[in-house]
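The structure appears below as structure tokens.
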Amino acid sequence: MFTQGLRLLSDALGWSYFVLWSISFYPQAILNYKRKRVDGLSIDFVVLNFVSFGCYSFYSFNFLFNERVRDEYRQRHEGKDNSVAPNDLAFALHTWIYPRAVGQELSAWHHLVLSFWFITFVAEAFAVVSDIVPTIDFLYHLSYFKLYASLAKYVFQAYLNYSRQSTKGWSIVNVLLDFSGAVLSLFQALLIAQIDDNWSSITGNPAKLGLSMLSLAFPTFFMAQHFVIYRERNLEARTEPRSYKDSPKLEEGKCYEDTPLLDG
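Per our numbering, the sequence shown starts with residue 61, numbered consecutively.
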């Protein structure tokens, strides 16, 4: 009875983090729409988010429904099942609908990284089909790229905030929801390990563990940037006009440095 209650709690934690992490993508999209600009959002963050969650979706789907992968996992973990839950897959699939930013250039570094990743992905996929590489290793490699992409997207966003000396245009609500979801995700992983008396399930699902840790560390740093480091700049930015049409009227006949040549 007690174990059943813990499993219900685990399910509740899992679907709660799914809700928090899922809705965390919308405040940024709403902010972009309201500002009619995306200069506070790193394009590397957006592109890496899209590609990495494609990897995470494929990884989660196979760990849940591919019996070959599930058997390979049991062989490596003393007959015990993996800890990937349906809410993990639901979250991974949901993030594909996140709106994309336009008008910004992906860094040269990530053009190179994504090209190399795609070539490696295709080559290893052929190796799996040819039974040269175990399917589970292929999936783990996808999860490692997901972790790299999560780390890189946060680093590029943090650097963008630093270079602008402001978090204007970067949704703090997104950050708070990201942090809250990470706490619940980590608690669910620990609870599942406790219920099944299988602490290897935590290290056996590196994508979820790593994602939770990154989503604890970087949102903490982003909160420090927003509420402490760049607090004064953010307060000043609130009083700035949203567009030239919102600016105070200029005296006719005078030329100003920021006056647009064409308005409209």
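All residues carry an ideal CB built from backbone N, CA and C; glycine is no exception.
Start-to-end residues for the alpha helix (DSSP H) that takes in residue i
i              : result
tryptophan 169 : 168 to 189
tyrosine 116   : 103 to 125
serine 245     : 232 to 256
tyrosine 222   : 195 to 224
isoleucine 90  : 86 to 95
isoleucine 262 : 260 to 263
Whether residue i touches residue j by CB criterion (8 angstroms)
i              : j             : result
leucine 69     : leucine 251   : yes
tyrosine 116   : alanine 267   : yes
serine 84      : aspartate 238 : yes
asparagine 142 : arginine 130  : yes
leucine 166    : aspartate 104 : yes
Cβ neighbour criterion (16 or more within 10 Å) applied to residue i
i                : result
valine 235       : buried
aspartate 191    : exposed
threonine 263    : exposed
valine 189       : exposed
phenylalanine 78 : buried
histidine 171    : exposed
serine 223       : exposed
leucine 295      : exposed
serine 102       : buried
isoleucine 157   : Model confidence at isoleucine 157 stands at a pLDDT of 48, short of 50, so the residue's coordinates are unreliable; what they give is reported in the following sentence. It counts as exposed.
aspartate 148    : buried
Per-residue DSSP class, three states only, for residue i
i              : result
glutamine 64   : helix
leucine 73     : helix
tyrosine 290   : coil
glycine 270    : helix
asparagine 142 : coil
glutamate 296  : helix
valine 98      : coil
Residue from the options whose Cα sits closest to the Cα of residue i
i                : options                        : result
asparagine 109   : Thr263, Phe216, Asn221         : Phe216
leucine 199      : Phe181, Tyr208, Leu211, Gln248 : Phe181
glutamate 132    : Gly241, Ile90, Asp197          : Asp197
leucine 276      : Leu211, Leu269, Ala242, Arg134 : Ala242
phenylalanine 62 : Leu207, Gln254, Ser226, Leu269 : Gln254
leucine 207      : Asn265, Ser231, Trp75, Gly100  : Asn265
lysine 213       : Ala187, Trp169, Ser175, Pro194 : Trp169
Interface flag, residue i vs chain D, CB-CB below 8 angstroms
i           : result
leucine 124 : Here chain D cannot be found, since the structure has a single protein chain.
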